[in-house]
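Position 57 of the sequence shown, counted from 1, bears residue number 57 in the UniProt record's numbering, the numbering being contiguous throughout.
Where is the CB? At the ideal position from N, CA and C, for every residue including glycine.
Here is the structure we will look at, set down as structure tokens.
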Amino acid sequence: MTTIALIAHNNKKTELLNWVKENQQALRQYHLIGTTNTAKLINELLDMNIEPFGHGPSGGDILLAARLLQGQIQKVIFFIDVETPHGHEHDIQTLIRTAVLNNIPIALNRASADLIVLEREG
């Protein structure tokens, strides 16, 4: 089963929550993991079963990059807040770079997330 990682910066959590709500049917076909706070929020409000794996600023982004390298995650949806500085910016860039170098689809906004989830599996 394809695994998708769901991540959102604090200012984008509501946007991701709304996106997940609109795409629940399609998302239930995937194994979903997410950073701790994002997974908790979505699980509580939408009765989803997203596996939490670590807090982004406390190394969660690096843990995710490691899982990408191990082939455990096939797609990433990361609603990023580009208008707010983040203390763990290097970790975020490492995650994005890891996805790009390993040819793993990574969505950084709603439009690209739609493409990743609605794409037919080959």
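Sub-8 Å separation of residue i and residue j beta-carbons
i	j	result
D61	L27	no
E44	L32	no
I77	I116	yes
residue 123	T38	Beyond the ends of the chain as shown, which are 1 and 122, falls residue 123; an answer cannot be given.
Q72	T3	yes
T35	I7	yes
A5	L101	no
Three-state secondary structure (DSSP) of residue i
i	result
G59	coil
L45	helix
I73	coil
E89	helix
residue 123	Any property of residue 123 remains undetermined from this structure, which presents the chain solely from 1 to 122.
I116	helix
I50	coil
T2	coil
Bridge partner(s) assigned by DSSP for residue i
i	result
P105	DSSP, once it has assigned bridges, lists no residue as partnering P105.
L16	Paired residues: none, contrary to the question.
I96	BP columns for I96 are empty, so no partner.
Of the listed residues the options, nearest to residue i (C-alpha basis)
i	options	result
L41	Q29, H55, Y30	H55
R110	A66, L16, N11, E119	L16
residue 124	L69, V82, Y30	A question about residue 124 goes unanswered here, because the residues of the chain that appear run from 1 up to 122.
Span of the alpha helix (DSSP H) around residue i
i	result
Q25	24-27
Span of the beta strand (DSSP E) around residue i
i	result
H9	Looking at the DSSP string, H9 is not in any beta strand (DSSP E), and its letter there is neither H nor E.
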